[in-house]
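K.L.:
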Amino acid sequence: MKNQKLALARQRFEVRHLPVPPKFFTYKDSLIKVFCFMLLMVLPSASGTAGTNQFLVFHRQASRSLPKLLLGQQTYLPVVDLLNFLDLPYSESSSAGFIQITVSKSRLRMTKDQAQVVLNEKVIALSAPVTLVKNQWVVPTDFISKALARVLEQRVAMATSGNAVAVGEPGFTRLTAKVMDKDKVLRVQASRPVAAEVRQHGSRVVLAFGNTPVDLVGLEGVQQATWIRAVTFDQAESTNQIVIELSDGVRSAKISHLASQNSYIVEAIRLEGPEPNPSAVLGPPVIAAWKWRHITIDAGHGGHDRGVAIRENVFEKDVALAIARKLRWSLEKRLGVEVVLSRADDQARSLEDRIVAANRARSSLFISIHTGNAPGSATAHSFAYTTRWIAAGTSAGETRSAQTLFVPWWEAQRGSLAWSERLAECVQTEMNRALNGGRDLAFRRSPIKLLSALAMPAVLVEIGNARVPDFQAKVYSEPFQNLVAATLAAAVEKFRPLHERP
Amino acid sequence: MPRHILFGLVFLLLISLIGVSYYYDLQRRIEELVRPGAEPTPYLAVPPSVSPSAPLRKVKLFFPSSRQENLLEVEERDIRSSELPSEEAKQIVAELISGSREQRLPALPAETRLRELFVTQGGLAVVDLTPEASLHHPGGLTMELASIYSIVNSVTQNVSNIERVQILIGGVEVETLAGHIDLTQPFAEDLSMTALGGAGMSAHEP
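Structure follows, in structure tokens:
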């Protein structure tokens, strides 16, 4: 009996403490672990190889750089950014895994993970599959030449470097840099008339071509030139230029533009030579200083600063950002000018940050977008504002003379106030016509902190009145926001010929 | 029971008692910290030092109109007169924060308190409001301007020694009250938004 109990207890013990027998799934588990490990090894290397190189697209006197993604050996481009810049309509669904581009009667359809494009039922093979990276559609670069060029009614020209494309006439202007005299002269020859902004910083001579599509196709004799260290062609974000690095024995260079021969002559001035005339060194300015660089659109508030609560879950910061994005789109489309948003998403930025960014970038124009909030009014009129100053010790509204030689940075707007008022007039006139029911309302002046320190024509726009139910209902609608964006873009279009001196 | 176990149990009991008493003491102290202190005088963090028997005087307060945009309307109130301009100004700002009695719009959010108000020799009144003035502000450029000039005009119109007003939030100089109007400079009286000035803010229009 005792023996039986002991045997039973031992059996229970053994059942409870049996070593786990080797099973098939442990081997499978190991395989999975190895696979996961390999995946972990591969994934960072895939993202690590994603370079930060840029691909430049020229279209209608504007340029846009797109980030190039290197996945394995293949270079990819974000196709939606490209289509937006080229103003091509598309429809896409990440979840369904397709993107379709419609150009007049042609349809380009791509399916995720397939190395092909279907053009009106005809299949075109691509060098690599179309895919989604971080929820963003990316295509191999040969998509442009193999597929997009077939449906566009405009000329599509690729640069020899493969890093740029020009859509529309006249395509790329071909440049050839040739050393004419190994001790002295370099000639940059263009295939057609082209304007460059000539700059010289120490030992660097820069020929900047702005938004003109140029392609350096030839470089001759630089290795033999004693006075040149290197000639490089930068074609990336905000740079489209030839950079000539001078050697140590060269003090500076004289640059001449032979317009009749479409060429620039760069001539070395050595240290032992006579002091050059500075104006002769730089040559005549080819691009006037007043040519518009870019426009800054400021979406008011952001982040924790929600601005006016328009209705439940709709705040001023969101409306301002939506309108700012649409205005950027309208301005780039209508004016072909680069537009910068002071905040591209829902982030808090101090007024000082916004001011510094616009001033440092030497923006040509600044428009801040806000919504109105006037509980005492039953109307939802929109107004443009310029700044005014309340000088300490003087009565309100009295401003200091604008003729002062130096102004403190926080009053930088003094130098541009007259232009700001012209801009405000243009904006108010357009808003009266499109948003204020044809009423003859004047723009307003207020001591606005943001505008006071901006060194360029700057206005703040207050759209509607958040306390009017009709405005609350429509403010988040696409048609209304498109109307506001189109109205402001029309005002800028009117203002441009008054201000810009191309 | 062995003696050493008895000592051990007594020791544990003592430790437990100390722990429990410390816990309750800590809880009481935290409650004291969290519990709001005595309610300050409404709308004033520091009560004005005026005699309750001091004679009353009428003052004109400016509140944003509920009928028209960019208009400040006058409402009369009684305050205790004082030889010190700051003490009168404190009462004026407290009355402004308390809101209109005639259905006008609030000049400042009701949660606001006046932290401090003092007057410098140059006739500059420094009005230090709690952060609620900014955090609970309804927003919008016109309401912001109305809030500022409600304070500035109410103080400068009623206290003879005050010519300009500098507004601080939470004891520090801030860029703006609600994202638009520059608060870094002192404001002088501006009646253009009032019926006294005649034209409302449109007086600034070109």
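Residue numbers (my numbering), protein chains in the order written: chain A, 1 to 502; chain X, 1001 to 1206.
Here a beta-carbon is modelled for each residue, glycine too, at the ideal position from N, C-alpha and C.
If you count every other CB in all the chains shown that lies within 10 Å of the CB of X/F1011, and 16 or more means buried, which is it?
P.N.:
Within the second sequence, residue 1011 of chain X is the residue found at index 11, counting from 1. Counting Cβ neighbours within 10 Å, X/F1011 comes out exposed, since fewer than 16 surround it.
K.L.:
Given this structure, state the Cα-to-Cα distance separating A/R306 from A/N211, to the nearest angstrom.
P.N.:
If you number the first sequence from 1, residue 306 of chain A lands on position 306. If you number the first sequence from 1, residue 211 of chain A lands on position 211. Looking at the two C-alpha atoms, the distance is approximately 37 Å.
K.L.:
Can you pull the chain X residues whose beta carbon is under 7 Å from the beta carbon of A/D305, in chain order?
P.N.:
Within the first sequence, numbered from 1, the residue matching residue 305 of chain A stands at position 305. Correct list: G1179.
K.L.:
Rounded to whole angstroms, what's the CA-CA distance from A/S93 to A/V118? Just pull it up for me.
P.N.:
The residue you call residue 93 of chain A lines up with position 93 of the first sequence. The residue you call residue 118 of chain A lines up with position 118 of the first sequence. Approximately 16 Å, taken between the alpha carbons.
K.L.:
Does any residue of chain X have a CB that is nearer than 8 Å to the CB of A/K326?
P.N.:
The sequence position of residue 326 of chain A within the first sequence is 326, counting from 1. No, no contact with chain X.
K.L.:
Please check if any C-beta of chain A sits within less than 8 Å of the C-beta of X/P1064.
P.N.:
As a position in the second sequence, residue 1064 of chain X is number 64, starting the count at 1. Chain A has a Cβ within less than 8 Å of the Cβ of X/P1064.
K.L.:
Assuming A/R174 and A/S191 make a contact with CB atoms under 8 Å, what is their CB distance in whole Å?
P.N.:
Counting from 1 along the first sequence, the entry for residue 174 of chain A is found at position 174. Counting from 1 along the first sequence, the entry for residue 191 of chain A is found at position 191. By a beta-carbon distance limit of 8 Å, A/R174 contacts A/S191. Their separation comes to about 4 Å.
K.L.:
Classify A/W227: buried if its beta carbon has 16 or more other beta carbons within 10 angstroms, exposed otherwise.
P.N.:
In the first sequence, the residue the question calls residue 227 of chain A occupies position 227. Buried, since its Cβ has 16 or more Cβ neighbours within 10 Å.
K.L.:
Under 8 Å: do the stretch 1146-1154 of chain X and the stretch 1055-1063 of chain X share three or more Cβ pairs, one atom per stretch?
P.N.:
These segments touch.
K.L.:
Give me the chain A residues within the contact set of X/M1143, using Cβ-Cβ distance strictly less than 8 Å, ordered along the chain.
P.N.:
Here residue 1143 of chain X corresponds to residue number 143 of the second sequence, with the count starting at 1. The contacting residues are N373, A374 and P375.
K.L.:
Are A/V266 and A/L186 close, meaning C-beta to C-beta below 8 Å?
P.N.:
Position 266 of the first sequence, counted from the start, is the residue given in the question as residue 266 of chain A. Position 186 of the first sequence, counted from the start, is the residue given in the question as residue 186 of chain A. The answer is yes: Cβ separation under 8 Å.
K.L.:
Is DSSP giving A/T487 helix, strand or coil here?
P.N.:
The residue given as residue 487 of chain A occupies position 487 in the first sequence. Three-state result, A/T487: helix.
K.L.:
Which value, in whole angstroms, describes the spacing of the CA atoms of X/S1081 and X/R1057?
P.N.:
Taking the second sequence and counting its residues from 1, the one referred to as residue 1081 of chain X is at position 81. Taking the second sequence and counting its residues from 1, the one referred to as residue 1057 of chain X is at position 57. Roughly 6 Å between the two C-alpha positions.
K.L.:
Helix, strand or coil: how does DSSP classify A/L126 here?
P.N.:
As a position in the first sequence, residue 126 of chain A is number 126, starting the count at 1. Three-state result, A/L126: coil.
K.L.:
What is the rounded straight-line gap between the Cα of A/S104 and the Cα of A/L83?
P.N.:
On the first sequence, position 104 is the one that residue 104 of chain A refers to. On the first sequence, position 83 is the one that residue 83 of chain A refers to. Each residue's alpha carbon lies about 14 Å from the other.
K.L.:
In or out: A/N120 buried (at least 16 other Cβ within 10 Å) or exposed?
P.N.:
Residue numbering aside, residue 120 of chain A sits at position 120 when the first sequence is read from its first letter. The residue in question, A/N120, is exposed, as its Cβ has fewer than 16 Cβ neighbours within 10 Å.
K.L.:
Suppose you measure from the CA of A/A253 to the CA of A/V222; what does that come to, to the nearest Å?
P.N.:
Within the first sequence, residue 253 of chain A is the residue found at index 253, counting from 1. Within the first sequence, residue 222 of chain A is the residue found at index 222, counting from 1. Those two C-alpha atoms are separated by around 16 Å.
K.L.:
Below 8 Å on the Cβ atoms is my contact criterion, and I expect A/E193 with A/N262 to pass it. Report the Cβ-Cβ distance as a whole number of Å.
P.N.:
For the purposes of this step, residue 193 of chain A is identified with residue 193 of the first sequence, where counting begins at 1. For the purposes of this step, residue 262 of chain A is identified with residue 262 of the first sequence, where counting begins at 1. Note on identity: in this sequence residue 193 of chain A is Pro, with Glu being the wrong assignment. With a Cβ gap of about 5 Å, A/P193 and A/N262 count as contacting.
K.L.:
Looking only at its chain, what residues have a beta carbon closer than 6 Å to the beta carbon of A/I242, apart from the 5 residues adjacent to it on each side?
P.N.:
One-based indexing of the first sequence puts residue 242 of chain A at position 242. Around A/I242: L207 and F233.
K.L.:
On the criterion of 16 or more Cβ atoms from any shown chain inside 10 Å, does A/M431 qualify as buried, or is it exposed?
P.N.:
Start at 1 with the first residue of the first sequence, and residue 431 of chain A comes out as number 431. Within a 10 Å sphere around the beta-carbon of A/M431 sit 16 or more other beta-carbons, which makes this residue buried.
K.L.:
I need the straight-line Cα distance from A/W292 to X/A1195, nearest angstrom please.
P.N.:
Indexing the first sequence from 1 puts residue 292 of chain A at position 292. Indexing the second sequence from 1 puts residue 1195 of chain X at position 195. Cα-Cα distance, rounded: 44 Å.
K.L.:
Strictly below 8 Å CB to CB, what residues from chain X border A/I448?
P.N.:
For the purposes of this step, residue 448 of chain A is taken as residue 448 along the first sequence, with counting starting at 1. Simply L1141, H1180, I1181 and D1182.
K.L.:
Mind reading off the beta-carbon distance from A/F55 to A/A164? Whole number of angstroms is fine, and I expect it under 8 Å.
P.N.:
Within the first sequence, numbered from 1, the residue matching residue 55 of chain A stands at position 55. Within the first sequence, numbered from 1, the residue matching residue 164 of chain A stands at position 164. Beta-carbon to beta-carbon, A/F55 and A/A164 are separated by about 7 Å, close enough to satisfy the 8 Å threshold.
K.L.:
What does DSSP give as the partner residue(s) for A/A418 in the beta ladder?
P.N.:
In the first sequence, the residue the question calls residue 418 of chain A occupies position 418. Answer is none; A/A418 lacks a bridge partner.
K.L.:
How about A/W409 and A/A453: do their beta carbons lie closer than 8 Å?
P.N.:
Start at 1 with the first residue of the first sequence, and residue 409 of chain A comes out as number 409. Start at 1 with the first residue of the first sequence, and residue 453 of chain A comes out as number 453. Closer than 8 Å, so yes.
K.L.:
Judging by CA-CA distance, which residue of A/V188, A/R334, A/R349 and A/N53 is the nearest neighbour of A/F209?
P.N.:
Within the first sequence, numbered from 1, the residue matching residue 209 of chain A stands at position 209. Answer by Cα proximity: A/V188.
K.L.:
Of all the CB atoms in chain X, is at least one closer than 8 Å to the CB of A/V139?
P.N.:
On the first sequence, position 139 is the one that residue 139 of chain A refers to. Cβ-Cβ to chain X under 8 Å: no for A/V139.
K.L.:
What's the C-alpha gap between A/S247 and A/L69?
P.N.:
Indexing the first sequence from 1 puts residue 247 of chain A at position 247. Indexing the first sequence from 1 puts residue 69 of chain A at position 69. Their backbone Cα atoms lie some 35 Å apart in a straight line.
K.L.:
On the three-state DSSP scale, how would you describe A/P22?
P.N.:
Mapped onto the first sequence, residue 22 of chain A falls at position 22. For A/P22, the predicted model reports a pLDDT of 42, less than 50, meaning its position is unreliable; a value from the coordinates is still stated below. In this structure, A/P22 counts as coil in the three-state DSSP scheme.
K.L.:
State buried or exposed for A/P497, treating a residue as buried only when at least 16 other CB atoms are found within 10 Å of its CB.
P.N.:
The residue given as residue 497 of chain A occupies position 497 in the first sequence. So A/P497 ends up on the exposed side.
K.L.:
Indicate whether the contact test is met: 3 or more Cβ pairs, each with one atom in the stretch 370-385 of chain A and one in the stretch 457-476 of chain A, closer than 8 Å.
P.N.:
In this structure the stretch 370-385 of chain A touches the stretch 457-476 of chain A; the number of beta carbon pairs closer than 8 Å is three or more.
K.L.:
Kindly indicate which residue of A/R229, A/R60, A/R107 and A/R433 has the alpha-carbon position closest to the one of A/S170.
P.N.:
Translated into positions along the first sequence, residue 170 of chain A becomes position 170. In the sequence under discussion, the amino acid at residue 170 of chain A is Pro, which differs from the Ser named in the question. Comparing Cα positions, the closest option is A/R60.
K.L.:
Nearest by alpha-carbon distance to A/V492: which of A/Q428, A/S477 and A/R444 is it?
P.N.:
For the purposes of this step, residue 492 of chain A is identified with residue 492 of the first sequence, where counting begins at 1. Measuring from the Cα of A/V492, the nearest candidate turns out to be A/Q428.
K.L.:
Strictly below 9 Å CB to CB, what residues from chain A border X/Q1103?
P.N.:
Taking the first residue of the second sequence as 1, we reach residue 1103 of chain X at position 103. In chain order: nothing, as chain A lies at least about 11 Å away.
K.L.:
Give the residues of chain A in contact with X/M1176, contact being defined as C-beta atoms less than 8 Å apart.
P.N.:
Taking the first residue of the second sequence as position 1, residue 1176 of chain X is located at position 176. At residue 1176 of chain X the sequence reads Thr, which differs from the Met that was named. Going along chain A in sequence order, the residues near X/T1176 (Cβ under 8 Å) are L351 and K449.
K.L.:
When the Cβ atoms of the stretch 412-427 of chain A are set against those of the stretch 339-348 of chain A, are three or more pairs found closer than 8 Å?
P.N.:
no
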